[in-house]
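**Student:** Under the numbering used here, think of the first position of the sequence shown as 1, with each following residue one higher. The structure follows.
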Amino acid sequence: MMQRLLTTPVRRILGYRWLDHVSTNVRELVKVGMATDTRQYHLSHFKMSDTADKEGVDDQGLAEYYEKRKALYQTMTNKADNSEAVLDWYDKEADIYEAQFEKAGFEYHSAFVETTLTLAKDKQAKILDVAAGSGKAGMELRRVGYTNLDGLDGSSAMLALAKEKKIYNEYICCTVGSEKLRDVSDASYDFVFCAGGVSRGHLSLETVPTMLRAVKPNGYLYFNHSSWSAQFPEYSFEKLDHMIEVLREKGLCSSADKKEGYFNRPGEPTTLYIIRRGDGEF
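What follows is the structure in structure tokens.
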């Protein structure tokens, strides 16, 4: 069992205080949805919203985005982690993803900004955004005063969009696997986060130690993990919890916390993990 060792302010950020910033609809879902089987709830919502994806949508751009996204979800379901087909999709569809991001209901960047504000009191802290995409989370961090930001993503097209906005100091284009991150030194960041990237077809659970490797001792790694991904055995919550316990036993993790909520889109049950780096060496 993962110990709950983080401070009260962190718990407040990850709980109902964050939900004050999202829609009434989401707060109602929390009241009724969390008492049910969140995985099954998520699967039914996922099928409704991302394969049929809102039939009758009046916005032509959004309807086109939903149609294109069907191919991505089929690839996520059928292809292995870090699939070249997934990267190809983002390289090809970067512009429409960027244009329709807010309309499609993605909200994970808000939760990660709140978490960063709680954990990183020093606005000059060195932060790595893994699976940074077009820089949605990074832009929000810039707006609240963080300037020492680097972005890493496997899609050159998505990173190009982030670069146009001048969000990050360094733009690192590489995929993430079980090996040491290319062009990233061990223990070089105060904070590393991955907003929405740990997902079937994207980053495997084996990337968690890889990301933690880039964190300085006593720094933090935080990421979200959806119930949709967790339906696959290689992405199960049990496997992830066991992996974190192994990191703790090796002295690589000094504490860990997790919180269930809606840290991606309304109606998508997601777990937010926060891991504090221990003094052990990789």
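Beta carbons are placed, not taken as given, at the ideal position from N, Cα and C, and that holds for glycine. Computed from a prediction, not measured in an experiment: that's the story for all the values here.
Between which two residues does the alpha helix (DSSP H) holding H242 run?
**Tutor:** Walking along the sequence shown from the start, residue 242 turns up at place 242. Counting along the chain, the alpha helix (DSSP H) containing H242 begins and ends at F237 to E249.
**Student:** With A256 as the anchor, note down where its beta strand (DSSP E) starts and where it stops.
**Tutor:** Along the sequence shown, read from residue 1 onward, the residue named residue 256 stands at position 256. Where A256 is concerned, the enclosing beta strand (DSSP E) stretches over C253 to G261.
**Student:** Run through DSSP, which three-state label would F282 get?
**Tutor:** The sequence position of residue 282 within the sequence shown is 282, counting from 1. In this structure, F282 counts as coil in the three-state DSSP scheme.
**Student:** What does DSSP give as the partner residue(s) for C174 in the beta ladder?
**Tutor:** Residue mapping note: residue 174 aligns to position 174 of the sequence shown, counting from 1. DSSP lists no partner for C174.
**Student:** Taking all protein chains shown into account, decide if S185 is buried (16 or more other Cβ within 10 angstroms of its Cβ) or exposed.
**Tutor:** Residue 185 sits at position 185 when you count from the first residue of the sequence shown. Exposed, because fewer than 16 other Cβ atoms sit within 10 Å of the Cβ of S185.
**Student:** Would you give the residue range spanned by the beta strand (DSSP E) that K216 belongs to?
**Tutor:** The residue labelled residue 216 in the question sits at position 216 within the sequence shown. Per DSSP, K216 belongs to the beta strand (DSSP E) from V215 to S226.
**Student:** Enumerate in chain order the residues of its own chain whose CB-to-CB distance from M139 is below 7 Å, with the five nearest sequence positions on each side excluded.
**Tutor:** Reading the sequence shown from its first residue, position 139 is the one you call residue 139. The residues are K165 and I167.
**Student:** Find the nearest neighbour of T270 within the set F223, A94 and E234, judged by alpha-carbon distance.
**Tutor:** Counted from its first residue, the sequence shown places residue 270 at position 270. Closest option to T270, Cα to Cα, is F223.
**Student:** In three-state DSSP terms, what is V198?
**Tutor:** The residue given as residue 198 occupies position 198 in the sequence shown. Three-state DSSP puts V198 in a strand.
**Student:** Measuring CB to CB, does L247 end up less than 8 Å from K258?
**Tutor:** The residue you call residue 247 lines up with position 247 of the sequence shown. The residue you call residue 258 lines up with position 258 of the sequence shown. Cβ distance not < 8 Å, so L247 and K258 don't count as in contact.
**Student:** Span of the beta strand (DSSP E) holding L272?
**Tutor:** Sequence index remark: in the sequence shown, residue 272 carries index 272 (1-based). T270 to R277 is the extent of the beta strand (DSSP E) around L272.
**Student:** Which same chain residues, not among the five before or five after K47, have their C-beta less than 7 Å away from its C-beta?
**Tutor:** Residue mapping note: residue 47 aligns to position 47 of the sequence shown, counting from 1. For K47, the pLDDT reaches just 40, beneath the cut-off of 50, and the residue's location in the model is therefore unreliable, although a value from the coordinates is still provided. Nothing meets the Cβ criterion.
**Student:** Relative to the C-alpha of S226, which residue among E238, V215 and S199 is closest?
**Tutor:** Reading the sequence shown from its first residue, position 226 is the one you call residue 226. The candidate whose alpha carbon is nearest that of S226 is S199.
**Student:** Alpha carbon to alpha carbon, how far is V144 from L152?
**Tutor:** By one-based count along the sequence shown, residue 144 stands at place 144. By one-based count along the sequence shown, residue 152 stands at place 152. Distance between the alpha carbons of V144 and L152: 20 Å.
**Student:** In this structure, how does DSSP classify V208 when only helix, strand and coil are distinguished?
**Tutor:** As a position in the sequence shown, residue 208 is number 208, starting the count at 1. Three-state result, V208: helix.
**Student:** Just how far apart, CA to CA, sit A71 and A63?
**Tutor:** Taking the sequence shown and counting its residues from 1, the one referred to as residue 71 is at position 71. Taking the sequence shown and counting its residues from 1, the one referred to as residue 63 is at position 63. Their Cα atoms are separated by approximately 14 Å.
**Student:** Below 8 Å between beta carbons: does that hold for V130 and G197?
**Tutor:** For the purposes of this step, residue 130 is identified with residue 130 of the sequence shown, where counting begins at 1. For the purposes of this step, residue 197 is identified with residue 197 of the sequence shown, where counting begins at 1. In contact: V130 and G197 (Cβ atoms closer than 8 Å).
**Student:** Kindly indicate which three-state DSSP category Y146 falls into: helix, strand or coil?
**Tutor:** Within the sequence shown, the letter at position 146 stands for residue 146. Three-state result, Y146: coil.
**Student:** Closest to M211 by C-alpha separation, out of C174, F232, T147 and S110, would be which residue?
**Tutor:** The count along the sequence shown starts at 1 and reaches residue 211 at position 211. Looking at the Cα atoms, C174 is the closest of the given residues.
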